[in-house]
Amino acid sequence: MKNIPDHLFQKISKVLFVLSLGLLLYPLLTNHWLVTGDGPCHMYNAKVLKDLFFGQHTDFYLGFYKVNTSLNPNLWDHFLFAVLQTLLSPSLAEKMFFILYIFTFAFGAKYLGNAIQPGSTWVVIPVLLFAYHHLMMKGFLNYSWSLAASFWVIGYFISHWHQLNQWKTALKLCFLITANYLMHPIGYMYAAAGLGFSALVLMIQPLMREEAKNLLIVQTKKLLSLAVILIPSVFLYISFMSKTDFSKSLNWDGLVRVNSLATIVQEEVYYSYFIAKLVVVALFIGILVRILRGPLLHRGDGLLLLAFFFVFLFHANLIDEGMIGGDRLKFLPHIAVLFWLTTLRHHVWSKLLIMCTGFIFLIILSFLRYPVYKEASEWVDDYLECEKYIEPKSKILTLNYEYNGNRSDGTLISTYNWLFIHGTAYLGTFKPLILSDNYQAHMSWFPLNWKEKRINFYSSTHKDEISFENRPPRADFEHYAEKSGKGRIEYVLIIGQNEEHKDHEYGKEIISQLEKYDLICTSESHKSQLYRLK
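If you use the working numbering, the sequence shown closes out at 534, no skipped numbers anywhere.
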């Protein structure tokens, strides 16, 4: 197999690349919606910002919201969604948004792989496994874009290292990394660290003359001896620290039990664990191959340093777990390792094995996910049957009992993600509305914030510190007008309420308050009911 001509291998790589793109794009092309947790809320806020930019419904929106003009991360997807919704319907705008993301991720991975080592399209296939990850399906869209953009930043830097003193090259790199910052701080940090480590390697590489190589080999042997000498004391130190209050316990199992590829169904978890273990195995084999076959230093070795750096960040717990810090970090070393594999002196058969293994897993994961994508899109279409009964410039409270989504037989649609937590925010992309679950509006790093705390639905409808995001939901919406000073809530949308929910204490409170509302729409499935103030 190692005698496969290079031109034939490259042709196989290109074919599998196109097929992999097809697998990733298929759910976008065959469904109305790609539901992604927080994603619909991002889309709604972008619609509000777009309307404000064009001077539409300004008095209505600015009675509730204020625009945050700070150049914080998390701006990118609002800008892109706003542009796309100016040109396209909400459904088509969302499709185009994710198509652009997939292309940015895929061709960015291809660009970086070939910047490290020409002819490395083969490595893109396993990297594409990470295009749809757990946090993307949670709706962390800026984070996902920032990771895709980091490939372009690092790839451009490596490719143009020798032209950095030219102003056009410097300006382009400045634009790329600034755009990366406006997406998300984690992707920016990934790109910036990748630049730093790559710069270190690229600076040292020209100094590696023959006499310097021999000296480095001698010194490396001494360092290896030192590493062996330190093993007992370091082991005892780590054991001690892990049992004290000086630091959090280190979960090294997280490196090989990465669930980041488990996006929406429980069955994905086992494949995600297995893929992560394969990457770790490939790392150790790769290090052994590098020691035995060289080269001593490669221009892509900054990616190996990047992987180890993010291992440290993850296990040092430097990012608040309340902000899902570990989930944002734990699979990033694996991506860096895959890119680093391009630096090795492979036989063709080993590259073919890695590429085909990645493609097989991509097929498996795609077919596990496809039915859920379809059902999630239908879930949105179900409640949108009532959208036409909602008057523009209204306030709407959503009481969603189905963060996982329920089928008619009671089983869950999404068994591994709260896919529908903000799934009703699509309503606000069709007409000017104020939505209850606009969680972004009370977070200072997003571009749209509540004008006053008392207007915030979370603050003005909770009861005994329990809100409509509780499971089951609880809401005191009959007193919203006096608490907020913004009048009564005109519409209440209820999704997935069953008899058990109605018999619950919170359900009875809701039913009592709905006596002041008329039921004006029930979806064909009877899952969604829309009530209007009498």
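Ideal placement from N, C-alpha and C gives every residue a C-beta, glycine not left out.
What span of residues does the beta strand (DSSP E) with I285 cover, start to end?
The residue you call residue 285 lines up with position 285 of the sequence shown. Taken as a continuous stretch (DSSP letters only), I285 belongs to no beta strand (DSSP E), being part of the alpha helix (DSSP H) at 268-293.
Should S70 go down as buried or exposed, given a rule of 16 or more other Cβ atoms within 10 Å for buried?
The sequence position of residue 70 within the sequence shown is 70, counting from 1. By the 10 Å Cβ count, S70 comes out exposed.
Ends of the beta strand (DSSP E) at D518?
Mapped onto the sequence shown, residue 518 falls at position 518. Unbroken beta strand (DSSP E) run through D518: 517-522.
Inter-residue Cα distance where the pair is Y531 and D382
Here residue 531 is taken as the residue at index 531 of the sequence shown, counted from 1. Here residue 382 is taken as the residue at index 382 of the sequence shown, counted from 1. Using only the alpha carbons, I get a separation of about 16 Å.
Can the beta-carbon of H442 be found closer than 7 Å to that of N456?
Numbered from its first residue, the sequence shown carries residue 442 at position 442. Numbered from its first residue, the sequence shown carries residue 456 at position 456. Against a cut-off of 7 Å, the Cβ pair of N456 and H442 comes out as a contact.
Verify whether the separation of the beta carbon atoms of A336 and P40 is less than 7 Å.
As a first step, residue 336 must be located in the sequence shown, where it is residue number 336. As a first step, residue 40 must be located in the sequence shown, where it is residue number 40. For A336 and P40, no; Cβs fall outside 7 Å.
Are the region 18-38 and the region 359-376 touching by the rule of at least three beta carbon pairs closer than 8 Å?
yes
Distance CB(K110)-CB(A82) smaller than 7 Å:
Indexing the sequence shown from 1 puts residue 110 at position 110. Indexing the sequence shown from 1 puts residue 82 at position 82. The answer is no: Cβ separation not under 7 Å.
According to DSSP, which residues form a beta bridge with S528?
Position 528 of the sequence shown, counted from the start, is the residue given in the question as residue 528. Paired residues: I495.
Every unbroken beta strand (DSSP E) inside the region 356-402 [3 residues or more]
394-400
R290 burial status per 10 Å Cβ neighbour count (16 or more: buried)
Taking the first residue of the sequence shown as 1, we reach residue 290 at position 290. Under this definition R290 is a buried residue.
Check whether the Cβ atoms of I177 and V153 sit closer than 7 Å, and answer yes or no.
Residue mapping note: residue 177 aligns to position 177 of the sequence shown, counting from 1. Residue mapping note: residue 153 aligns to position 153 of the sequence shown, counting from 1. Contact flag set, yes.
Keeping to the same chain, check which residues put their C-beta closer than 6 Å to that of L397; ignore five residues upstream and five downstream.
Here residue 397 refers to the residue found at position 397 of the sequence shown. If we look at L397 and ignore the five residues flanking it on each side, its Cβ neighbours are S436, F477, I489, V492.
To the nearest angstrom, how far is the alpha carbon of G507 from that of G423?
In the sequence shown, counting from the first residue as 1, residue 507 sits at position 507. In the sequence shown, counting from the first residue as 1, residue 423 sits at position 423. Distance between the alpha carbons of G507 and G423 is about 21 Å.
Using the Cβ count rule (16 or more neighbours within 10 Å means buried), how would you classify S467?
On the sequence shown, residue 467 is found 467 positions in, with the first residue counted as 1. When all chains shown are included, S467 counts as buried.
Alpha carbons only, please: which of W33, S414, S20, L34 is nearest the one belonging to V265?
The sequence position of residue 265 within the sequence shown is 265, counting from 1. It is S414.
Using 8 Å as the Cβ pair cut-off and three pairs as the minimum, do the region 275-293 and the region 335-355 touch?
yes
Element boundaries [alpha helix (DSSP H), containing W340]:
Numbered from 1 along the sequence shown, position 340 holds the residue referred to as residue 340. Note, W340: alpha helix (DSSP H), 332-340.
Could you say if the region 185-203 and the region 296-308 meet the contact criterion of at least three C-beta pairs nearer than 8 Å?
yes
Local conformation of Y416 per DSSP, three classes:
Counting from 1 along the sequence shown, the entry for residue 416 is found at position 416. It is coil, neither helix nor strand.
Please look up how many angstroms separate the CB atoms of L305 and L329, rounded, as I've assumed it's under 8 Å.
Your numbering for residue 305 matches position 305 in the sequence shown. Your numbering for residue 329 matches position 329 in the sequence shown. Between L329 and L305 the Cβ distance is about 16 Å, and since that is not below 8 Å, they are no contact.
Taking DSSP as the reference, what is the three-state secondary structure of V153?
Here residue 153 is taken as the residue at index 153 of the sequence shown, counted from 1. Three-state result, V153: helix.
Which first and last residues belong to the beta strand (DSSP E) in which Y188 is found?
Taking the first residue of the sequence shown as 1, we reach residue 188 at position 188. Counting along the chain, Y188 falls outside any beta strand (DSSP E), though it belongs to the alpha helix (DSSP H) covering 185-204.
Can you pull the DSSP bridge partners for I434?
Locating residue 434 in the sequence shown gives position 434, counting from the first residue. K395, per the DSSP bridge assignment.
Under the three-state reduction of DSSP, which class applies to N180: helix, strand or coil?
To locate residue 180, count along the sequence shown from 1; it is residue 180. In the structure shown, N180 sits in a helix (DSSP, three-state: H, G or I).
With a Cβ-Cβ cutoff of 7 Å, do A148 and T104 count as a contact?
Residue mapping note: residue 148 aligns to position 148 of the sequence shown, counting from 1. Residue mapping note: residue 104 aligns to position 104 of the sequence shown, counting from 1. Yes, the pair counts as a contact, with Cβ atoms nearer than the cut-off.
Mind checking which residues open and close the beta strand (DSSP E) that includes L19?
Residue 19 sits at position 19 when you count from the first residue of the sequence shown. L19 -> not in any beta strand (DSSP E); alpha helix (DSSP H) instead, spanning 6-30.
What residue from K374, W161, L8 has the CA that sits closest to N31's CA?
To locate residue 31, count along the sequence shown from 1; it is residue 31. With distances taken between Cα atoms, N31 lies closest to K374.
Let's see if you can read the secondary structure: which residues bound the beta strand (DSSP E) around Y65?
Taking the first residue of the sequence shown as 1, we reach residue 65 at position 65. Where Y65 is concerned, the enclosing beta strand (DSSP E) stretches over 65-67.
Counting only the same chain and skipping the five closest in sequence on each side, list residues whose C-beta sits under 7 Å from that of K75.
Taking the first residue of the sequence shown as position 1, residue 75 is located at position 75. Looking at the sequence provided, one finds Leu at residue 75 rather than Lys. Counting only Cβ-Cβ distances below 7 Å, and skipping sequence neighbours, we find L182, P447.
Answer with buried or exposed for S460, where buried requires no fewer than 16 other C-beta atoms within 10 angstroms of its C-beta.
In the sequence shown, counting from the first residue as 1, residue 460 sits at position 460. Buried, since its Cβ has 16 or more Cβ neighbours within 10 Å.
What residue range is occupied by the uninterrupted alpha helix (DSSP H) comprising N114?
The residue given as residue 114 occupies position 114 in the sequence shown. It spans 90-116 - the alpha helix (DSSP H) in which N114 sits, taken as one unbroken run.
Is it true that the CB of F151 sits closer than 7 Å to the CB of G108?
Counting from 1 along the sequence shown, the entry for residue 108 is found at position 108. Counting from 1 along the sequence shown, the entry for residue 151 is found at position 151. Yes, they are a contact pair.
Going by DSSP in three states, L87 sits in which element: helix, strand or coil?
For the purposes of this step, residue 87 is taken as the residue at position 87 of the sequence shown. Here L87 sits in helix by DSSP.
With the cut-off set at 7 Å, would you say K451 and Y61 are in Cβ contact?
Start at 1 with the first residue of the sequence shown, and residue 451 comes out as number 451. Start at 1 with the first residue of the sequence shown, and residue 61 comes out as number 61. Going by C-beta atoms, K451 is not nearer than 7 Å to Y61.
What is the rounded straight-line gap between the Cα of L207 and the Cα of G428?
Stepping through the sequence shown from its first residue, residue 207 is reached at position 207. Stepping through the sequence shown from its first residue, residue 428 is reached at position 428. Using only the alpha carbons, I get a separation of about 59 Å.
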